[in-house]
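**Student:**
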Amino acid sequence: MSPLPPAPASLSTELPSAPNETAAPPLTIRFSPHVELRSTRPSLHFTAISRTLSSPNGVVRVGRYSERDHKAAGDTSTSPVGFKSKVVSRRHCEFWHNSGQWYVKDVKSSSGTFLNHVRLSSPGVESRPFPVNDGDVVQLGIDFKGGEDDIYRCVKIRVECNRTWQKSANAFNTSAHKKLLQNALRTGAKRNSDAGSINNSECTICFNAVAPLQALFVAPCGHVWHYKCIRQILVGPHYPNFPCPNCRLVADLEAEIDQSE
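Residue numbers for the sequence shown follow my numbering, beginning at 349 and rising by one.
(1) Between which two residues does the alpha helix (DSSP H) harbouring GLN621 extend?
(2) To the nearest angstrom, how far is the alpha carbon of VAL435 from that of GLY460?
(3) Does the region 424-431 come into contact with the region 448-457, if we say contact requires no fewer than three beta-carbon pairs (one atom in each stretch) closer than 8 angstroms?
(4) Could you tell me whether the Cβ atoms of SER398 and SER427 are closer together than 8 angstroms?
(5) In the structure shown, what three-state DSSP assignment does ASP491 receive?
(6) Can you grab the Cα-Cα spacing for the pair CYS595 / PRO381, in whole Å?
(7) Can you tell me which of GLN530, HIS440, LYS527 and ASN446 puts its alpha carbon nearest to the alpha carbon of VAL473?
(8) Rounded to a whole number of angstroms, what is the C-alpha to C-alpha distance between TYR413 and PHE394?
(9) Within this structure, are the beta carbons of ARG321 and LEU392 separated by less than 8 angstroms?
(10) Does GLU415 come out as helix, strand or coil in the three-state DSSP assignment?
(11) Please list the terminal residues of the continuous beta strand (DSSP E) segment that includes CYS569.
(12) I need the boundaries of the beta strand (DSSP E) containing ILE295, first residue and last residue.
(13) Cutting at 8 angstroms between CB atoms, please list the residues of its own chain near ILE581, excluding the five before and the five after it.
(14) What's the C-alpha gap between SER470 and PHE492?
(15) With burial defined as no fewer than 16 other Cβ atoms inside 10 Å of the residue's Cβ, what is the status of PRO479: buried or exposed?
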């Protein structure tokens with residue numbers, strides 16, 4: 349087994365990369381909340397965070413959220429990642445990329461960094477680099493005081509590595525979007541619905557375009573909205589009934605699936 353590459357120094361200067369004839373895809377890492385159904389207490393909830401390495405020698409630093417550091421660095425794709433939990437050290441762990449592989453190491457945190465439930469080092473001791481793969485779970489710290497308050501909960505992260513290709517337009521998601529709108533048109537035509545709103549490619553709530561790579565909701569009447577825009581109506585007091593805000597058709601969201609064409 350070949351030895352792991354040395355970890356980059358935390359405060360090292362990033363070296364300029366040699367120019368390439370073909371631009372390499374950006375090195376990205378995304379942290380989303382990991383939910384364990386068997387856990388008796390939830391971990392800290394947070395909004396998914398994405399970071400892009402500014403150079404091949406870049407480092408993604410992770411630690412406790414600091415208002416001062418946040419204002420100094422700003423909220424960019426290369427700024428440090430901060431979590432609002434007291435079980436996370438100010439400097440907790442680091443991620444970087446080397447020779448096609450992402451790595452993580454604990455940087456002397458007090459409550460520990462766990463990779464797939466295995467602690468990387470003892471308290472206050474910097475760990476060696478560990479390979480981290482797409483789908484791995486990284487936990488920062490351990491619940492304190494029973495985790496009753498959010499600020500004392502550990503952070504459980506599901507890691508996504510280099511998935512920018514999924515977030516760009518391609519033949520599959522573009523074709524799926526076109527088929528979705530075509531099916532909505534046919535459904536609306538059968539109901540003799542208002543043709544204007546059916547043919548419109550805008551969300552009638554926010555008036556922004558309905559396009560590929562977006563989370564959408566299609567009602568039985570054929571109208572389409574961004575899921576984020578329509579969610580309050582979907583889970584509102586009418587549930588499981590859904591009153592379409594466009595044509596007023598009331599649909600049963602819990603109805604059995606009709607297999608007939």
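Yeah, the Cβ is synthetic: ideal placement off N, Cα and C, and Gly gets one too.
Bear in mind that the values here come from a model prediction, so they are computed numbers and not experimental data.
**Tutor:** Taking the geometry as given:
(1) Because the chain here runs from 349 to 609, residue 621 falls outside it and cannot be looked at.
(2) So the two alpha carbons sit approximately 9 angstroms from each other.
(3) At 8 angstroms Cβ cutoff, the stretches do not touch.
(4) No, Cβ-Cβ distance for SER398 and SER427 is not below 8 angstroms.
(5) ASP491 falls in the coil class under three-state DSSP.
(6) The straight-line gap from Cα to Cα measures roughly 37 angstroms.
(7) For VAL473, the closest alpha carbon among the candidates GLN530, HIS440, LYS527 and ASN446 is that of HIS440.
(8) Roughly 12 angstroms separates the two Cα atoms.
(9) A question about residue 321 goes unanswered here, because the residues of the chain that appear run from 349 up to 609.
(10) GLU415 falls in the helix class under three-state DSSP.
(11) No beta strand (DSSP E) holds CYS569; DSSP gives it neither H nor E.
(12) In the structure displayed, the chain extends from 349 to 609; residue 295 sits before or after that span and is not available.
(13) Excluding residues within five positions, the ones whose Cβ falls inside 8 angstroms are PHE590, PRO591 and PRO593.
(14) Each residue's alpha carbon lies about 17 angstroms from the other.
(15) Classification for PRO479: exposed.
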